[in-house]
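Residue numbers (the UniProt record's numbering): 1 to 460.
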Amino acid sequence: MHSRFGRLAATLAALAVGLSAVMTPHVAAAATVAVNPGTRWTDTAGNTLQAHGVGIFMVGSVYYMVGEDKSAGSTFTAVACYSSTDLVHWTRQADALSRQASGDLAAGRIVERPKVIFNNATGRYVMWMHIDNTSYNDQRAGVAVSSTPCGPYTYLGATRPLGHPSRDLGLFKDDDGTAYLIHEDPAVGMRIERLTADYTSAQSTVATFPSLESPAMAKVAGRYFLLTSHLTGWATNDNVYATATSLAGPWSGFSNFAVAGTRTYDSQVSFLLPVTGSAGTNYVYIGDRWNPSNLNASVPVWLPITLTGSGTAALSWHSSWGIDAGTGGVTLTAGRLTGTQSGRCLDITGSSQANGTAAVLWDCGGGVNQTFAPTTAGELRVYGSKCLQARGQGTGAGTTVDISDCTGGNHQKWMLANDGTVVGVQSRLCLDANGQATANGTKVQIWTCNGGANQKWTRT
């Protein structure tokens, strides 16, 4: 976000003992390590991680992260570069870009959202970044290159791509090696520009969008996902996404990928990271929780995100979750969902495992019929193989919530918000205790979200 515009319970049981609530200076022995979004992270030397507006890329088995060093606040200090093998313990390397005596990289200038991709043909790492003055009317995109991941990079200069003003930007490299710059053009909206073969300049405009900023892109099963933010200053907002099977479109309309009203769990998208291994590929949403009064105190928000080939993006809040960078596996904590108003648990009637068995409120007893496991597919699983769902794929208020075999349908996907609401991905309605009743056996349904205590659930 450019400075002219403007941010289940216990520790994961599956994680190794001793992981801290913040990034720590030692490397954990366990393969799965804990991620705690919205907290201050430190590097392996114990210093605050200077990684704002980040981009991440992989070389062999090592991840590299470039980001804004905000030691000087909004103006340029450096583009920091870090390395990690587990995505949690980061070691600061030499700065990718440092201050120069004059020009675009001088003190008092704006250098934001650095992103790096590797050009196989030239053997060079290519960095793009937003270059500006403190009045934000320079509006250019800078380019730098290096033969090594952290550089230092050689700065080539900045332009307005194809003559278009440019602010917040992202990069995307497609399967065929073609690279694209995605950037905010304040005169028109957002643009996707195809880059030249060496990735150092824009070649042609591929698509345009309404006024949006902070783009991030991923490709899943042949479908492109574009995540982006509205322009609301440093204040966070409900970020949105669109999909297409071609970068030239047609593109779907934009819709929220997190629970409406949570302002994307008080963050702004910066990057989408695929993590691949023997467990398959999972995606990590990487955002910034900006602190306008002290940008150096802004904290990262990393969360697993559901991206499906059918075009669904869904982001839930997890106060702590685990990732294994080697296998690509993500660990989420299973537990009970206790109604805030009733104090009773979400319960599968009679402990039945039959398809169509309704969910109700019942005294919390710790049974398996009251234990729900979130998955990276966006499901809430019970008994290991059954999914909580809107009955009959219903989307109307009052639709009964029951269980059935997991099919991957959006009626079986849920977003768990940091305010305690649980929202159906297909219906966009809230998990609700019927009529605000609190007695054992109360029907659980989906209903229009209204902020009521009968729609709030505590995960334990």
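By construction, the Cβ of each residue, glycine as well, lies at the ideal position given by its N, Cα and C atoms.
Among the options, the one whose alpha carbon lies nearest that of residue i
i	options	result
residue 454	361, 244, 255 and 284	361
residue 149	223, 192, 177 and 60	60
residue 406	353, 423, 368 and 450	353
residue 40	302, 377 and 441	302
residue 227	234, 221, 235 and 244	244
residue 47	146, 91, 372 and 388	91
residue 413	383, 401, 379 and 156	379
residue 372	53, 345 and 177	345
residue 270	246, 261, 214 and 147	214
residue 421	85, 261 and 71	261
residue 448	441, 459, 435 and 442	435
residue 111	123, 120, 71 and 450	71
residue 118	146, 312, 275 and 222	146
residue 55	135, 165, 172 and 134	172
residue 322	299, 79, 156 and 374	374
Buried versus exposed, by CB contacts within 10 Å (16 or more), residue i
i	result
residue 281	exposed
residue 255	exposed
residue 356	exposed
residue 186	buried
residue 250	exposed
residue 394	buried
residue 174	exposed
residue 62	exposed
residue 385	exposed
residue 154	exposed
residue 472	The shown model of the chain, from 1 to 460, leaves out residue 472, and the question about it has no answer.
residue 424	buried
residue 137	exposed
residue 264	buried
residue 347	buried
residue 209	buried
residue 440	exposed
residue 36	buried
residue 32	buried
Beta strand (DSSP E) segment containing residue i, residue limits
i	result
residue 445	444-447
residue 402	401-405
residue 213	213-220
residue 114	110-119
residue 94	Run containing residue 94: none; DSSP gives neither H nor E here.
residue 38	First-last for residue 38: undefined, no H or E at that position.
residue 235	Neither: residue 235 is in no beta strand (DSSP E) and is coded neither H nor E.
residue 321	321-324
residue 144	140-146
residue 207	202-209
residue 130	124-132
Residue(s) in a DSSP beta bridge with residue i
i	result
residue 257	Bridge partners of residue 257: none, in fact.
residue 247	DSSP, once it has assigned bridges, lists no residue as partnering residue 247.
residue 84	63
My parser needs the beta strand (DSSP E) runs of 3 or more residues fully inside the stretch 260-310; what are they? 268-277, 280-289 and 299-307
With a floor of 3 residues, list each beta strand (DSSP E) that falls wholly inside the stretch 160-192, ordered by position along the chain. If we require 3 residues or more, the beta strand (DSSP E) runs fully inside the stretch 160-192 come out as 169-173 and 179-185.
To test your reading of the DSSP string, which unbroken beta strand (DSSP E) runs of 3 or more residues are found completely within the UniProt domain "Ricin B lectin" (328-460)? 329-331, 337-339, 345-348, 359-362, 380-382, 386-390, 401-405, 414-416, 422-424, 430-433, 444-447 and 457-459
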